[in-house]
Amino acid sequence: MFAEFLQFLLSGVTVGAAYGLVALGFSIIYNASHVINFAQGEFVMLGGMSTVFLMAAGLPMPVAVVLAVLVTVVLGLLLEKLAIEPARGAGVVPLIIITIGASIFLRGVAQVAMDREFHAMPPFTGDAPIMIAGATILPQSLWVFGGMAVMGMLLWYFFARARFGKAMLATAYNPLAARLIGVNTRLVLLCSFGLSALLGSVAGILLAPITFTSYDVGIMLGLKGFCAAILGGMGHGAGAVVGGLIVGIAEAMGAGYISSEYKDAIAFIIILLVLFFMPNGLFGKRTTERV
Amino acid sequence: MSQALKRKLADPRTGGLLGLAAVIAVLPLFLPNNFYYDVAIGAGLSAIVCVGLNLLIGYAGQISLGHAGFVGLGAYSSAVLTVEFGWHPLAAMTAGALGVGILAFLVARPILRLRGHYLAMATLGLGIIISIVVNTEAEYTGGPDGMTVPSLMFFGRELYGEAVWYWIVGAALLFTVWLSLNLIASPVGRALRAVHGSEPAAEIAGVDTAHYKVLVFVISAVIASLAGSLGAHYAGFVSPANVGFFRSIELVTMVVLGGMASTYGAVVGAAILTVLPQLLTGLEDYEHIAFGLILMLTVIFMPRGLVPSFFTIARNRLASAGAPPP
Amino acid sequence: MTRHFIKRTLAILLTAAAALAFGAPGAPASETIRIGTFLSVTGPASFLGDPELKTLRMYIESINKDGGVLGRKLELVHYDVQHLADKAKTAIKRLIEDDKVDVIIGPSTTGTTMATIPLVERAGIPMISLAGAVVIINPVKKWVFKTPHTDRMACAKIFGDMKKRGFTRIGMISGTGGFGKSMRGQCKGLAADFGISVLADETYGPKDSDMTPQLTKIKNTKGLQAVLNPGFGQGPAIVTKNFRQLGMGMSLYQSHGVASKKYIELAGAAAEGVRLPAAALLVADQLADNDPQKVVVVGYKKAFEKRWGSAVSTFGGHAYDGLQLAISAIARAGSTDKEKVRAEIEKTSGYIGTGGIVHMSPDDHLGLSLSAFRMLEIKNGEWTLVD
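Residue numbers (numbering that gives the first Met the number 0), protein chains in the order written: chain A, 0 to 290; chain B, 0 to 325; chain C, 0 to 386.
Pasting the structure below:
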């Protein structure tokens with residue numbers, strides 16, 4: 000019985016860690032601009048797919064990984080520069096629509112430039128399962144979880160200690176005031192997209208050996224990550240991580256103990272419940288106004 | 000022509016409606032066979048949904064990322080209630096619309112009391128849940144393979160075939176446009192425009208903003224449901240493929256391209272995005288790229304959309320034509 | 000900038016409208032034999048439609064080089080419908096009414112086939128579907144045929160093999176896509192006939208990335224001897240990997256839905272020992288020399304792999320069979336008269352194709368027997384013949 004529970008938990012934590020990384024990406028951009036970046040899932044796809052194709056071109060894995068992250072970050076910066084920046088001041092709804100357009104566009108480009116098939120990626124450190132009290136976990140799952148922990152810690156340090164990180168937080172809190180004290184808010188917005196792309200691509204690369212990758216893996220991961228971000232409280236870093244883990248674990252437990260048929264609905268039911276009963280999420284600032 | 004008549008024709012409520020009716024009446028002359036009728040009907044059904052969605056996007060300033068879910072609920076209500084429970088198609092259609100209206104109300108009521116764009120998130124979740132349900136409950140819905148729907152009977156006559164449905168959908172579209180134009184011109188529309196301009200100001204003026212937004216959302220969802228029912232009876236088949244997230248985005252794209260806050264823009268946007276893929280067959284690989292680009296470029300370079308931009312330009316031309324050249 | 004953009008857009012739209020209104024190709028049916036097809040070339044079922052379209056293109060080219068059929072050249076008219084029933088309905092109207100094709104091959108999926116059957120029946124045009132589910136031909140529809148084995152036959156083949164190995168208590172984990180859902184239903188209905196009881200019945204979504212929770216439940220169901228996984232795409236590969244990760248001792252069976260090299264590539268070492276029913280095409284080189292299918296499957300495999308440089312899958316083979324059935328019926332009918340062609344397809348007897356030997360009749364619009372399926376096992380990363 001306990002082994003079963005533990006297995007569900009380990010599965011949930013692995014998937015949840017990936018959701019958490021995606022949710023962090025949503026939160027960073029939301030903080031800088033109040034934009035919900037629906038192209039976040041595509042960053043995940045780009046990370047995984049680029050790595051696979053660079054490796055197929057003969058590059059050793061570490062080089063391919065670094066290049067894939069760079070490619071994704073550059074695309075993230077271009078997205079901000081070419082699509083978000085020109086439409087600034089147009090309001091939040093148009094900006095959200097732009098990011099939706101960008102996500103469809105990126106998916107289309109990946110489909111044409113790479114291909115429509117699923118691809119496997121070799122695990123970083125073998126795939127002999129590790130036994131824990133009757134449950135098993137793949138070494139790659141530890142990489143995913145570790146990756147999320149490291150990224151989370153780096154971000155925390157960045158926002159709490161680094162000057163530029165604080166500038167980003169200040170922009171999130173009050174853009175006008177931030178500009179008045181000399182923060183370059185345009186640069187902040189640009190960097191938020193670069194940073195999100197970085198997080199997304201790392202998630203995509205860590206996850207690909209477990210789940211495979213293809214041009215359309217970003218849709219569901221993006222949407223579930225979005226659910227996680229809302230659950231944790233949009234714009235809240237630790238909330239994003241916790242939200243991701245909760246969504247992942249809820250899915251695994253739901254599939255294990257209740258019904259696997261409605262597993263995919265769990266994340267979206269969570270969204271509705273959160274919006275109904277605590278629209279700020281678990282950790283969000285109490286800023287939501289009721290009218 | 001008398002001034003009064005001129006003014007009447009320039010008013011979108013009469014002039015525009017007459018124009019649209021004329022287009023619908025003349026179009027069959029250019030439709031050589033059923034395939035062309037089919038495309039026209041598809042465009043008409045999408046246009047009906049978009050006119051409703053446009054009320055929400057253009058006038059309430061909210062987006063719905065789950066409208067395909069409402070269309071799907073309407074379609075499946077018609078399919079399941081008639082096939083599995085033997086209801087009369089019109090009763091099924093009404094029940095579907097009522098159900099969707101109540102669901103939309105229950106979801107929107109708490110969420111539109113919050114300031115911000117939470118409706119987008121909620122409708123996204125709701126739309127996906129609806130699509131999972133119709134995929135899963137195969138016992139009633141036929142699951143991923145879909146199910147067949149009986150023809151609509153009207154006073155003992157079977158309504159079948161593109162030529163018949165063309166006029167049904169055309170009439171439904173005219174009615175929806177008329178409804179939308181009247182709603183916009185009514186006190187509700189004025190209140191909404193005030194909300195869109197400045198929400199706090201509208202509130203100070205005593206407008207219950209949330210109330211109007213909920214009302215518009217419910218209306219747009221009910222219109223979507225009715226269009227879904229019509230579509231199900233026309234096609235004789237429903238499947239979950241068009242209930243998904245991507246279809247919802249497609250609908251939003253139609254509204255954005257045609258022009259937010261423009262009823263005729265919604266019609267034009269729906270027509271363009273329905274016809275375009277038929278002209279570009281063989282280029283399906285590039286469909287996503289084209290779609291994404293249309294969305295981004297429209298919002299960046301033509302944020303008001305095709306129809307309003309076109310009229311602005313036309314008006315400027317007319318004005319400058321009268322003036323001496325610079 | 001904006002003004003220019005609008006002008007350009009308007010120009011394109013007007014041209015488009017004009018093209019739609021006046022550019023309708025009035026099909027000169029007397030010249031060529033028009034073969035219509037609407038496949039899932041993009042979207043989640045592209046692994047079906049892609050090899051199918053390639054196969055049709057390649058063989059129509061070569062048939063035309065050899066002089067065509069009845070002295071007339073073949074012409075392929077194709078529309079991509081992804082997996083969408085709506086697109087399929089529009090495409091079939093276009094094929095029938097606008098392109099005035101003589102015979103239809105396709106579509107790729109059960110959903111798109113079922114959506115179009117009423118229209119095909121009303122229009123009266125022979126259609127040879129390339130989709131799997133048994134509902135397409137049972138009950139028989141006058142104008143609709145199909146080439147792939149049914150999911151019901153796959154269940155029977157698998158259960159037969161299980162019985163032979165003494166497995167009577169099994170678990171199932173099925174994809175919730177159209178294919179997995181249909182086969183799950185067929186297998187559950189058929190299990191009792193073979194004395195097999197399905198003691199665990201789990202599902203997973205088409206985009207799921209982790210099936211360990213479902214498999215853990217199956218693992219903890221007492222006394223299971225085998226697990227069956229109906230589904231296609233990447234899902235079965237993930238199931239296979241998770242199955243090994245959990246160290247599950249029982250035998251794993253896959254369906255004919257994974258009968259392409261991609262599955263072995265994705266699942267890697269985890270696929271060792273997995274069994275599945277599939278057409279002879281996958282093991283072309285291992286067939287006995289006196290096997291009647293040997294010449295056909297080896298020929299198709301060589302031709303496909305030479306032309307496209309990618310490994311052959313059974314799905315392309317279905318299209319090959321469909322095309323051959325259609326043109327031999329047209330040749331026998333001596334015309335493209337739809338009723339005559341339909342009757343000739345129905346009379347097909349002894350056609351040796353990639354899927355098996357076809358004997359059609361008015362009650363059987365598939366014409367394959369269970370023997371058309373071979374039971375395969377994956378050994379050292381290759382398909383090997385079990386029986």
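Every residue gets a Cβ at the ideal spot worked out from N, C-alpha and C, and that includes glycine.
- R274/C counts as buried, since no fewer than 16 other beta carbons sit within 10 angstroms of its beta carbon.
- Chain order gives the chain B residues near I96/A as V251, V255, L294 and V298, where near means a beta carbon separation below 7 Å.
- Boundaries of the alpha helix (DSSP H) harbouring Y36/B: N33 to N53, taken from the DSSP string.
- For L229/B against A171/B, the beta-carbon gap comes to about 6 Å, under 8 Å, which counts as contact.
- Less than 9 Å separates the beta-carbon of I59/C from that of I34/C.
- Residue K216/C holds the alpha-carbon nearest to the alpha-carbon of F1/A among A114/C, G272/C and K216/C.
- The alpha-carbon separation between A231/B and Y75/B amounts to approximately 8 Å.
- Between Q39/A and V68/A, the gap from beta carbon to beta carbon reaches 9 Å or more.
- Taking C-beta separations shorter than 8 Å and ignoring five residues to either side along the sequence, the partners of Q233/C in its chain run L265, following chain order.
- Fully contained in the stretch 202 to 282 of chain C are the following alpha helix (DSSP H) runs of length 4 or more, in chain order: 211 to 218, 234 to 244 and 260 to 266.
- Sorting T170/A, I257/A, V51/A and P278/A by C-alpha distance to the C-alpha of L205/A places V51/A at the top.
- Counting along the chain, T383/C sits inside the beta strand (DSSP E) bounded by residues E381 to L384.
- Under DSSP, the beta-bridge partners assigned to A134/A are I131/A.
- Annotation for E96/C: no alpha helix (DSSP H) segment contains it, and DSSP assigns it neither H nor E.
- Residues of chain C with a Cβ closer than 8 Å to the Cβ of S238/B are, in chain order, L83, A84, D85, G110 and A114.
- Pairing S196/C with T220/C gives a Cβ-Cβ distance that is not under 9 Å.
- Around P174/A, the same chain offers T184 as residues with beta carbons nearer than 8 Å, after the five sequence neighbours per side are excluded.
- V357/C is positioned such that its CB atom lies closer than 9 Å to that of Y350/C.
- Taking the Cβ atoms as the reference, E79/A lies roughly 6 Å from L188/A, within the contact range of under 8 Å.
- Between H118/A and chain C, the shortest Cβ-Cβ separation is below 9 Å.
- For R156/B, the enclosing beta strand (DSSP E) begins and ends at R156 to L158.
- Separation of the CB atoms of L72/B and A94/B is rounded to 11 Å, and the pair is thereby denied contact status at 8 Å.
- Listed as beta-bridge partners of K145/C by DSSP are S128/C.
- When secondary structure is reduced to three states using DSSP, T175/C falls in the coil class, being assigned neither helix nor strand.
- Around the C-beta of H118/A, 16 or more other C-beta atoms lie within 10 Å, and the residue is accordingly described as buried.
- Around the Cβ of A190/B, a 10 Å sphere holds 16 or more other Cβ atoms; the residue is buried.
- The DSSP-derived three-state label of F282/A is coil.
- Shown here, E136/B sits in coil according to DSSP, grouped into three states, outside any helix or strand.
- Beta bridge pairing from DSSP links V102/C with I34/C.
- C-alpha of A325/C to C-alpha of F37/C: approximately 15 Å in a straight line.
- G47/A and D215/A have their alpha carbons spaced roughly 11 Å apart.
- Nearest in C-alpha terms to K261/C, of all of T31/C, Q224/C, Q244/C and L47/C, is L47/C.
- Closest by C-alpha distance to A269/B, out of L279/B, L180/B, G257/B and R108/B, is G257/B.
- DSSP places F153/B in the uninterrupted beta strand (DSSP E) bounded by L151 to F153.
- Any Cβ of chain A closer than 9 Å to the Cβ of F104/B would place that residue at the interface, and such an atom is absent.
- Within the DSSP bridge table, the entry for K156/C names no partner.
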